[in-house]
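Peer 1:
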């Protein structure tokens, strides 16, 4: 007598799906765990009635105020406008050499210019910064390292 059990195709498919789902969950957890260590990303939620233009991210290092921002790649120009009610995520390509602060400057379609600190302190230019623009104010939530 043959006492060996055979798996049916249905059991193999169900087992494969379970292993795949567990793998996806584990991979996404891994990505969430390393997310703060990835290159700095800025997400802008434009909830205002105005388009945003002339968007620039700048790295100010040490006691250097906003002078010399164009030296050593410390300013990144986002080449697209952000329409009203749109969300945009980008990774500014800034060069670092020590600790610093990342600021974001932009102009709305009325011509009003804004300058906001989006990363209060960073050594590694990593993490996330979330900027919400409304008609009344600008709020920033940073998770920078």
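Residue numbers (the working numbering): 9 to 153.
The beta-carbon is built from N, C-alpha and C at its ideal position, and this holds for glycine as well.
In this text, all values refer to a predicted model and were calculated from it rather than measured experimentally.
Terminal residues of the continuous beta strand (DSSP E) containing residue 98?
Peer 2: 95-98
Peer 1: Grouping DSSP H, G and I as helix and E and B as strand, with all else coil, what is residue 112?
Peer 2: strand
Peer 1: Output the boundary residues of the beta strand (DSSP E) element that contains residue 124.
Peer 2: Per DSSP, residue 124 is one residue of the beta strand (DSSP E) stretching across 121-130.
Peer 1: Going by CA-CA distance only, name the one from 20, 119 and 109 that's closest to residue 66.
Peer 2: 109
Peer 1: For residue 91, count neighbouring Cβ atoms within 10 angstroms of its own Cβ and tell me buried if that reaches 16, exposed if not.
Peer 2: exposed
Peer 1: Could you say which of 59, 50 and 134 lies nearest to residue 117 if we only look at CA atoms?
Peer 2: 59
Peer 1: Using a Cβ-Cβ cut-off of 7 angstroms (strictly less than) and excluding sequence neighbours within five positions of residue 57, which residues of its own chain qualify?
Peer 2: 92 and 143
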